[in-house]
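As structure tokens, the structure follows; a few thoughts come after it.
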Amino acid sequence: MKIVTWNINGVRARIGNLTHWLTESAPDIACLQEIKTVDEQFPRAEIEALGYNVETHGQKGFNGVAILSKLRFDEVIRGLPGDDADEQARFIEGVFSTDKGALRVASLYLPNGNPIDDEKKFSYKLSWMARLERWAEERLSLEEALVLAGDYNVIPEFIDAKFPENWLGDALFQPQTRQAFRRLKNLGFTEAVRAVTDAPDTYTFWDYQAGAWQKNNGIRIDHLLLSPEAANRFSSASIEKHVRAWEKPSDHVPVAVELAFAPI
3 MKIVTWNING VRARIGNLTH WLTESAPDIA CLQEIKTVDE QFPRAEIEAL GYNVETHGQK
63 GFNGVAILSK LRFDEVIRGL PGDDADEQAR FIEGVFSTDK GALRVASLYL PNGNPIDDEK
123 KFSYKLSWMA RLERWAEERL SLEEALVLAG DYNVIPEFID AKFPENWLGD ALFQPQTRQA
183 FRRLKNLGFT EAVRAVTDAP DTYTFWDYQA GAWQKNNGIR IDHLLLSPEA ANRFSSASIE
243 KHVRAWEKPS DHVPVAVELA FAPI
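Going by this note's numbering, the residue at position 48 of the sequence shown is 50; the numbering climbs one at a time, nothing skipped.
In structure tokens, the structure reads:
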């Protein structure tokens, strides 16, 4: 079973790229971030025509997440618990039945947090990560296969940026941000891409500015975290880098994991 995360950076602006990619890559489950549309305006028909079930948690103009699945949804939960005042659409969770039991997949879009001297924005990022950690700890107690897929807006290590020195003042690379990501992983998750490679120049995002793509001036901020039950079925992980070279691309590319599950 192929599960992919992709920050699409505007689903309506890139519906042609999305449908082409769904046909080419053929994921069983695709987690999208930054759909930048309300649920009612999501281009559902084009995606359903390719055989996908669609669930969204949208927001006008920015944010928004979705899960597209060839499997039928058993359950859908929208929003990260822990702050009833948080109206930003950054989290959706789906549950599916497989030959090995329940599979739980979350699509998340973690706050950017910049600028770091804006106390409200950076503190929101850190508080959101703390809520995610508490949620993940509760979900891990279910002992189910769980995949946390998304744009984390976290550069975990120096190796995950072409020029890490350029990111020292950025919220994505602050010590508190990286520590929060480590705390999450240390609950018992396997980070899929780094489970298969420790190579440098392994990136998932290239800015639109200053020829970043052409110079391979990238960062790795899109991650797939696997619970022990999911990691036990882990086959491979990959970054579909070629998608960044398409016309009118997102600045992110899809990141995929293969797990030895079959739908029922």
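Every residue, glycine too, gets a C-beta built ideally from N, C-alpha and C. Note that the structure is predicted; figures quoted are calculated from it, not measured.
- Contact between the region 92 to 105 and the region 58 to 78 is present: 3 or more CB-CB pairs across the two stretches fall below 8 angstroms.
- For Arg80, there is no enclosing alpha helix (DSSP H); the enclosing beta strand (DSSP E) covers residues Glu77 to Arg80.
- In chain order, Ile5, Ser71 and Val107 place their CB closer than 6 angstroms to the CB of Ile31, counting only its own chain and leaving out the 5 sequence neighbours on each side.
- Contact check for Ala262 against Ser240 fails: the beta carbons are separated by 7 angstroms or more.
- Runs of the alpha helix (DSSP H) lying entirely within the region 132 to 206 and spanning at least 4 residues, in chain order: 177 to 187 and 194 to 198.
- Taking the Cα of Ala163 as reference, the smallest distance to any Cα among Gly190, Leu186, Trp208 and Lys62 is reached at Trp208.
- In the three-state DSSP reduction, Ile49 falls in the helix class (H, G or I).
- Inclusion of Ala173 and Phe124 in the CB contact set at 7 angstroms is warranted, their separation being smaller than that value.
- Rounded to the nearest whole angstrom, the C-alpha separation of Asp88 and Leu112 is 13 angstroms.
- Annotation: Ala247 to Glu42 spans about 30 angstroms, alpha carbon to alpha carbon.
- Counting only the Cα atoms, Pro166 lies some 14 angstroms from Ala214.
- For Trp248, there is no enclosing alpha helix (DSSP H), as DSSP marks it with neither H nor E.
- Residues of the same chain with a CB within less than 8 angstroms of the CB of Leu128, apart from the 5 flanking positions on each side, are Gly115, Gln178, Thr179 and Ala182 in chain order.
- In summary, Leu227 is buried, with 16 or more beta-carbon neighbours lying within 10 Å of its beta-carbon over all protein chains present.
- The beta carbons of Glu135 and Leu82 sit no closer together than 7 angstroms.
- Residue state for Leu112 is assigned as coil, using DSSP reduced to three classes.
- When DSSP reads this structure, Arg106 sits in a beta bridge with Val97 and Leu148.
- Judged by beta-carbon spacing, Pro256 lies within the 7 angstroms limit of Glu242, meaning their Cβ atoms are closer than that value.
- About 15 angstroms separates the Cβ atoms of Leu142 and Gly103, ruling out a contact at the 8 angstroms cut-off.
- Considering only Lys217, Phe236 and Ala212, the residue with the shortest C-alpha distance to Ala194 is Phe236.
- Per DSSP, the continuous beta strand (DSSP E) segment holding Thr58 begins and ends at Asn55 to His59.
- Asn218 is classed as exposed because its beta carbon has fewer than 16 other beta carbons within 10 Å across all chains shown.
- Residue environment analysis places Ser109 among the buried positions, since at least 16 neighbouring C-beta atoms fall within 10 angstroms of its C-beta.
- Inclusion of Ser238 and Glu260 in the CB contact set at 7 angstroms is warranted, their separation being smaller than that value.
- Inter-residue distance for Trp169 and Ile157 is about 9 angstroms (C-alpha atoms, whole angstroms).
- DSSP places Ala258 outside any alpha helix (DSSP H); the residue lies instead in the beta strand (DSSP E), whose first and last residues are Val257 to Leu261.
- Taking all protein chains in view, the Cβ of Leu20 is crowded by 16 or more other Cβ atoms within 10 Å, so the residue is classified as buried.
- The beta-bridge partner set that DSSP reports for Leu70 consists of Ala32 and Val56.
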